[in-house]
Every structure is written in structure tokens, then in C-alpha cells.
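S.K.:
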Amino acid sequence: MTAIQHISTGRRIKDRVVQGLVYLAFALAVVPLVSVLWLVISNGLARFDLEFLTHSMNGIGARDAGGGAYHAIIGTLEQVLLASLISVPIGLFTAIYLVEYGNGGRLSRSISFFVDVMTGIPSVVSGLFVFAFWILVLGFQYSGWAGAIALSILMMPTVVRSAEEMLRLVPNDLREASYALGVPKWRTIIKVVLPTALTGIITGVMLAVARVAGETAPLLMTVFFTNSINNDPFSGPQMGLPLFVFDQAARPNDTAVDRAWTGALTLILIVMLLNLVARLIAWWRAPARGR
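Quick note on numbering: our numbering labels position 197 of the sequence shown as 197, and the sequence is numbered without any gaps.
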């Protein structure tokens, strides 16, 4: 009896120690996140007003007060939307092929290898590629579309890997039940597999969006700078929020630095809003919502 109590006490001590280490690791992970959020919010609220959200920097000098990031907000939303329209269908179709049709063949292994390589590509490389091919070789001008192409290169591997993992989590019993009813494979994928994995796929897409929304290096070489509002992403330079923050933070005066902090806060809020919308869509389209 004493030996059993000793073993039980030892296990409880080990459980408490491991539990304490887990809580400590959680605290260490949360502290930097909370500190960054606190720093951005405390410094960004000073200029977070209607003028900042509805005005551009056109006609505003480097040391002048006022001005806003409306032109950069429009640019970021359009560039991320175009990048998503490019990368999400390609990434989703690629994941479907790898899971449903690849069967470990040579082509599927080659695709997986290139997806892994693209995952580790630095963001500046995608910008250099688009700059060299789209602007220098083909002769197109700086534009939001060029920036969207660079961002889509960064989004694709994240979308492919996240969608692939979610599709693999769908039980084969659901597929087999659909096949047993005489449903063809393509229809099974559309009506059974994709709706089941939809929530995870949307989460993966939002992770990809969050990654590229704050990228500056690809935009530096493809979008260029402008202080004016450009609603057409296919013609002329178009500002983005990461570029706006980079440009304002590099200016040695307090008014510009305040605008940079507020631009960073606006970018965080946009990403959070997009995540909220994605969560609502996933909840609305969830197969078990009506149960």
C-alpha cells in the first residue's frame, strides 16, 4: 500500500511539474504577442481617426500634420483580394489532386517537392521574380496587379499545404458511402469532401492572407510608392499599408512616425476583420450547423 501511494505521489508531482512547464511556455509565448499589441495600440490610437481613414497623403509634406492612409488601405485590400483570387483556386485544385488523384505517383511527388521549396522562398525573391519577368522582360509598369502576383506566389504553398491536410482529415467512410450510392468521384469531392473540410480550408486561407497582408519586400519592387489614391490596380503605382508604414517610419519626425503606428494598427484591424468574416462564413456553411 505504501509503495502504491509512493508511486501515486510521484506521478502527481510529475504531473504538476509538467503542467507548470506548459503554463510557463504559454506565458512566454503570449508575453511578446501582448507586448507588441499593446505597443501598436497605445501608439496608434493617437492618429486613428476619420481623417486618417478617409484621406490620402496627396499634398501633405513630410513634416505636415494630418493626412491619412486611405490610398494605402484601398491598395492593400485590392492587392490581397487579387492575390487570393489567383492563389486560392490554384492551391485548392492542387490539394484536391494530391489527396484524391495523386496516389503517390511521380507527378504528385514532384508537386509536393516544389510546394515545399516554395514554402521556404523568402518574400523578397518573389518580388524580384515578378520585377524581372513582369516589369523588365515583358515591359509592364508598376501596379497593384504586379504586387498581387508576387503576393500570390507566397500564398500558394500555404493554401496547398493547409487544404491538403484538411482534405486528408476527411474520413474515407464518407467517401465510400457516397461511392456506394453511385455518386461519381468529382461530385463526391464537391458535395461531401469539400463541405466537410471547409472550416479548416478557410482557416488555412486566412493564415495565408495574414502572412502576405504585411509583406513589404515584394511590394517595394512591384507596386512602388504613391501618395495619391489609385483605385485601379492594373494601372500605375498603388500604395499598400506595409509600404505606407515603411515610408512613414523612415521619416525623422514625430508626425510621420505617428502615422506609421496608426498604419500598423489599421493593418492589424483589417486582418482581424477578415478573420472574423471568414469564421462567420465557415460557421454559416458548416455541414453540422443545422443539427
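Backbone N, C-alpha and C fix where the C-beta goes; we use that ideal spot for every residue, glycine too. Being a predicted model, the structure only gives us computed values, none of them experimental.
#1: Thinking C-beta only, is T54 closer than 8 Å to A146?
#2: Let me make sure I understand the geometry here. Which of A150, A197 and W38 has the alpha-carbon closest to that of T262?
#3: Determine the extent of the alpha helix (DSSP H) in which L237 is found, giving its start and end residues.
#4: Note down the Cα distance separating A208 from P89, rounded to an integer number of angstroms.
#5: Out of curiosity, what's the CA-to-CA distance linking T9 and V17?
#6: Could you tell me the alpha carbon to alpha carbon distance between F113 and D173, rounded to whole angstroms?
#7: Compare the Cα-Cα distances from A256 to each of V115, A180 and G44 and report the closest residue.
#8: To the nearest angstrom, how far is the alpha carbon of G104 from that of V160?
#9: Under a Cβ-count criterion, where at least 16 other Cβ atoms within 10 Å of its own Cβ denotes burial, should N230 be classed as buried or exposed?
#10: What span of residues does the alpha helix (DSSP H) with N172 cover, start to end?
#11: Would G144 and E78 be called neighbours here (beta carbons separated by less than 8 Å)?
#12: Once you ignore the five residues that flank I149 on each side, which residues in its own chain have a CB closer than 6 Å to its CB?
#13: Buried or exposed: where does M272 fall if 16 or more other Cβ atoms within 10 Å of its Cβ makes it buried?
#14: Given V115, which residues of its chain have a CB within under 7 Å of its CB, disregarding the five upstream and five downstream residues?
#15: Out of Y23, P195, G240 and V170, state which residue places its alpha-carbon closest to the alpha-carbon of A213.
#16: For Y70, which of helix, strand or coil comes out of DSSP?
M.R.: This is what the structure holds:
#1: Their beta carbons are not under 8 Å apart, which means A146 does not touch T54 by this criterion.
#2: For T262, the nearest C-alpha among the options comes from W38.
#3: In the sequence on display, residue 237 carries Pro and not Leu. Neither: P237 is in no alpha helix (DSSP H) and is coded neither H nor E.
#4: Taking the CA atoms as reference points, A208 sits about 13 Å from P89.
#5: The straight-line gap from Cα to Cα measures roughly 12 Å.
#6: Rounded to the nearest angstrom, the gap between the Cα atoms of F113 and D173 is 29 Å.
#7: Nearest C-alpha to A256: G44.
#8: One C-alpha to the other measures close to 16 Å.
#9: N230 is classed as buried because its beta carbon has at least 16 other beta carbons within 10 Å across all chains shown.
#10: Note, N172: alpha helix (DSSP H), N172 to A180.
#11: At a Cβ-Cβ threshold of 8 Å, G144 and E78 count as neighbours.
#12: Taken in chain order, the residues that qualify are V130.
#13: By the beta-carbon neighbour count (other beta carbons within 10 angstroms, threshold 16), M272 is exposed.
#14: Cβ neighbours of V115 beyond the five flanking positions: P157, V160 and R161.
#15: Of Y23, P195, G240 and V170, the residue nearest in Cα terms is G240.
#16: Here Y70 sits in helix by DSSP.
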